[in-house]
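Peer 1: Take a look at the following structure, please.
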RNA sequence: GACCGGUUCGUCUAGGGGUUAGGACACCGCCCUUUCACGGCGGCAACACGGGUUCAAAUCCCGUACCGGUUACCA
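Residue numbers (the working numbering): 24 to 564.
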């Protein structure tokens with residue numbers, strides 16, 4: 024039988040990282056088994072469901088690359104079928120009308136009041152105590168016909184137990200006595216979750232239900248419904264929950280946008296990196312490997328490798344450096360510095376574009392950024408693209424762009440860094456990090472004279488261009504080797520350390536204190552910008 | 001309260017009767033270096049507790065503690 028799994032979120036907010044992980048596991052499972060991955064939006068809670076939420080879920084899944092194989096199912100459009108299933112069970116005597124007046128929902132703290140009520144009952148509640156359970160069919164019909172409102176409840180047998188083998192948690196058993204006569208249909212005619220899920224899963228031909236552990240006890244109720252309906256239940260597998268630091272459930276109300284998938288997209292995470300991180304939250308292939316491509320995840324994934332214990336999603340709200348799980352941040356950085364440039368470049372392009380830093384010259388006709396480009400990070404000056412080593416006019420070209428990105432990506436954590444920390448590479452309008460100015464400039468006041476002087480020297484040595492008859496440049500090109508020799512001599516002349524000069528220059532050129540080798544920075548900025556920025560007094564004021 | 005689960009470094013985890021309990025992130029130190037959040041080397045750091053079973057328990061059994069889930073005419 025072909026495997027068919029589904030991800031079934033309710034559209035009552037953004038896509039939660041835990042839900043995203045459930046979607047991912049479903050997807051991996053389906054792909055590995057050659058099955059289908061389906062999406063069903065459980066929008067039966069009219070009061071809380073929103074279209075915006077549905078869009079956000081769809082967006083999030085698309086970002087992660089989890090595309091459903093069939094048309095999206097909206098649960099609300101199946102309400103009629105759910106209703107008739109309930110009535111069928113009623114007609115067969117497997118369910119009954121409950122004329123108990125509906126209790127008023129006590130607002131915000133429903134969960135707490137339920138818990139309190141249960142605690143007060145001391146756990147000795149008789150689940151079969153409903154007086155309408157044994158009401159005669161005639162009487163029941165009569166009252167219904169008279170217009171008295173009623174809910175339909177499943178008639179759970181008095182003795183026995185539901186059992187199933189969970190793909191993660193193993194054999195599960197629950198006495199009927201512990202399961203109430205659950206409501207299938209509300210008195211206003213709306214089907215309830217457990218009925219809707221079962222009906223839809225049957226209708227969609229779901230073979231394996233992989234979902235959060237919070238549904239583990241629901242499963243027993245659902246099996247009861249399958250049995251009443253006379254349909255064999257699918258396989259079930261429940262996933263451990265993702266907790267916040269301190270061991271509490273990761274929730275929107277308490278933990279805010281940290282739990283939303285879109286937060287990560289918007290913060291400059293790579294989908295591949297976050298997917299990789301998510302896959303490892305609660306699953307392991309049992310090997311010492313951390314970086315997995317999607318294909319590898321599909322190949323290696325197994326329910327047996329899913330843990331039974333919940334994982335903690337670590338983060339520190341007030342620490343900008345650790346605003347989310349540090350392993351997630353590390354993994355994103357790892358992807359940024361090691362992934363093929365052809366995959367990274369288009370993402371950087373998008374980032375620069377949205378920061379208004381993108382220039383069409385970086386991707387001229389016939390040179391798509393998606394074409395395979397070898398990393399030049401370890402290449403010597405002679406092996407680099409021509410446009411890089413020769414300063415203008417190639418400066419700002421495709422080759423310059425590719426080389427620059429490859430250079431600066433080594434120390435970046437997110438795509439945002441390309442437009443933030445890396446802004447000075449693409450724009451004249453960049454800020455100076457006060458800490459960098461303090462540490463690298465103000466601490467050495469002489470630099471205010473020296474650096475502009477260095478600029479003048481640069482100009483006289485590298486500025487004029489002479490060419491021979493063949494059109495080859497014969498004077499000093501502004502390249503690492505030449506710059507190094509020159510700056511060293513200049514530093515010696517001033518009687519200071521090379522580091523002082525270099526770091527001062529770094530701050531003026533890039534606005535920050537960290538980055539690649541300063542020689543590369545000079546080269547990549549080009550002579551013109553280097554001179555202008557070394558002379559600028561903006562940072563000094 | 002009841003039912004169901006869980007508990008290996010701070011975090012993610014490997015290991016499922018005999019291991020110096022392994023890796024990764026984070027952290028610390030050293031090296032490289034013009035800086036650095038790159039890289040290299042090294043370090044710190046864990047089997048919740050108590051009983052059993054066994055020659056031998058992180059690993060199997062029981063109990064306790066703690067944590068989580070569920071206990072709706074929410075999903």
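For each residue, glycine too, the CB sits at the ideal point set by N, CA and C.
Per DSSP, which residues does residue 81 bridge with? Please list them.
Peer 2: For the purposes of this step, residue 81 is identified with residue 58 of the first chain, where counting begins at 1. Answer is none; residue 81 lacks a bridge partner.
Peer 1: What would DSSP say about residue 346, mapped onto helix, strand or coil?
Peer 2: Mapped onto the first chain, residue 346 falls at position 323. The answer is coil: DSSP assigns residue 346 none of H, G, I, E or B.
Peer 1: What are the start and end residues of the beta strand (DSSP E) that includes residue 198?
Peer 2: What you label residue 198 is simply residue 175 of the first chain in a count that begins at 1. Element bounds for residue 198: 193-198.
Peer 1: Could you give the first and the last residue of the continuous beta strand (DSSP E) run that contains residue 312?
Peer 2: The residue given as residue 312 occupies position 289 in the first chain. Unbroken run through residue 312: none, as it is neither H nor E.
Peer 1: Looking at the structure shown, is residue 416 part of a helix, part of a strand, or coil, going by DSSP?
Peer 2: Looking up residue 416 in the first chain gives position 393. Here residue 416 scores only 43 on pLDDT, less than 50, and its place in the model should not be relied on; the value that follows carries that caveat. DSSP places residue 416 in coil when its eight states are reduced to three.
Peer 1: Give the DSSP-derived three-state secondary structure of residue 110 in the structure shown.
Peer 2: Residue numbering aside, residue 110 sits at position 87 when the first chain is read from its first letter. It is helical.
Peer 1: Put residue 326 into one of helix, strand or coil per three-state DSSP.
Peer 2: To locate residue 326, count along the first chain from 1; it is residue 303. Reduced to three states, the DSSP call for residue 326 is helix.
Peer 1: At which residue ranges does the stretch 216-249 contain complete alpha helix (DSSP H) runs of 4 or more residues, listed in the order of the chain?
Peer 2: Listed in chain order, the complete alpha helix (DSSP H) runs (minimum 4 residues) inside the stretch 216-249 are 216-226.
Peer 1: Would residue 333 pass as a contact of residue 248 if the rule is Cβ separation under 8 Å?
Peer 2: The sequence position of residue 333 within the first chain is 310, counting from 1. The sequence position of residue 248 within the first chain is 225, counting from 1. Cβ distance not < 8 Å, so residue 333 and residue 248 don't count as in contact.
Peer 1: Quick one, which of 427, 542, 550 and 543 has its alpha-carbon nearest residue 479's?
Peer 2: In the first chain, counting from the first residue as 1, residue 479 sits at position 456. Ranking the options by Cα distance to residue 479, first place goes to 550.
Peer 1: Just to confirm, is the Cβ distance from residue 178 to residue 106 under 8 Å?
Peer 2: What you label residue 178 is simply residue 155 of the first chain in a count that begins at 1. What you label residue 106 is simply residue 83 of the first chain in a count that begins at 1. Cβ distance not < 8 Å, so residue 178 and residue 106 don't count as in contact.
Peer 1: Throw me the rounded Cβ distance for the residue 321 and residue 98 pair, which I believe falls under 8 Å.
Peer 2: Sequence index remark: in the first chain, residue 321 carries index 298 (1-based). Sequence index remark: in the first chain, residue 98 carries index 75 (1-based). Not a contact, Cβ separation roughly 28 Å.
Peer 1: Do residue 574 and residue 101 have their C-beta atoms within less than 8 Å of each other?
Peer 2: Because residue 574 is not part of the residues shown, which for the chain are 24 to 564, the question remains open.
Peer 1: Which residue or residues does DSSP assign as beta-bridge partners of residue 214?
Peer 2: Here residue 214 refers to the residue found at position 191 of the first chain. In the DSSP output, where bridge partners are listed per residue, residue 214 has 208.
Peer 1: I'd like the span of the beta strand (DSSP E) that includes residue 64, first residue to last.
Peer 2: What you label residue 64 is simply residue 41 of the first chain in a count that begins at 1. Where residue 64 is concerned, the enclosing beta strand (DSSP E) stretches over 59-64.
Peer 1: Using C-beta distances below 8 Å, list every residue in its chain close to residue 328, excluding the 5 sequence neighbours before and after it, in chain order.
Peer 2: Here residue 328 refers to the residue found at position 305 when the first chain is read from its first residue. The answer, listed in chain order, is 306, 307, 308 and 309.
Peer 1: My understanding is that residue 438 touches residue 531, with C-beta atoms under 8 Å, so please give their C-beta distance in whole angstroms.
Peer 2: Stepping through the first chain from its first residue, residue 438 is reached at position 415. Stepping through the first chain from its first residue, residue 531 is reached at position 508. The pair is not a contact, with the Cβ atoms about 26 Å apart (cut-off 8 Å).
Peer 1: Taking residue 299 as the reference, give the member of 354, 347 and 57 with the closest Cα.
Peer 2: Residue numbering aside, residue 299 sits at position 276 when the first chain is read from its first letter. Comparing Cα-Cα distances from residue 299 to each of 354, 347 and 57, the minimum goes to 354.
Peer 1: Would you decide whether residue 570 is buried or exposed? Buried here means 16 or more other CB atoms lie within 10 Å of its CB.
Peer 2: The requested residue 570 does not occur in the structure, where the chain is confined to residues 24 to 564.
Peer 1: Just the Cα atoms here: how many angstroms apart are residue 317 and residue 113?
Peer 2: Taking the first chain and counting its residues from 1, one reaches residue 317 at position 294. Taking the first chain and counting its residues from 1, one reaches residue 113 at position 90. Distance between the alpha carbons of residue 317 and residue 113 is about 47 Å.
Peer 1: For residue 119, report the span of its beta strand (DSSP E) as first-last.
Peer 2: Taking the first chain and counting its residues from 1, one reaches residue 119 at position 96. Start and end: 118-121.
Peer 1: Report back the beta-carbon spacing between residue 267 and residue 336 to the nearest angstrom; my notes put them in contact at under 8 Å.
Peer 2: Locating residue 267 in the first chain gives position 244, counting from the first residue. Locating residue 336 in the first chain gives position 313, counting from the first residue. Sure, about 6 Å apart at Cβ, within 8 Å.
Peer 1: Just reading off the beta strand (DSSP E) that residue 278 is part of, what are its end residues?
Peer 2: Here residue 278 corresponds to residue number 255 of the first chain, with the count starting at 1. Careful: residue 278 lies outside any beta strand (DSSP E), inside the alpha helix (DSSP H) at 275-278.
Peer 1: Buried or exposed: which applies to residue 231, given that a residue is buried once 16 or more other Cβ atoms fall within 10 Å of its Cβ?
Peer 2: The sequence position of residue 231 within the first chain is 208, counting from 1. Looking at its Cβ environment, which holds 16 or more other Cβ atoms inside 10 Å, residue 231 is buried.
Peer 1: Which one of 68, 301 and 255 has the shortest CA to CA distance from residue 214?
Peer 2: Along the first chain, read from residue 1 onward, the residue named residue 214 stands at position 191. Selected option, being the one with the closest Cα: 68.
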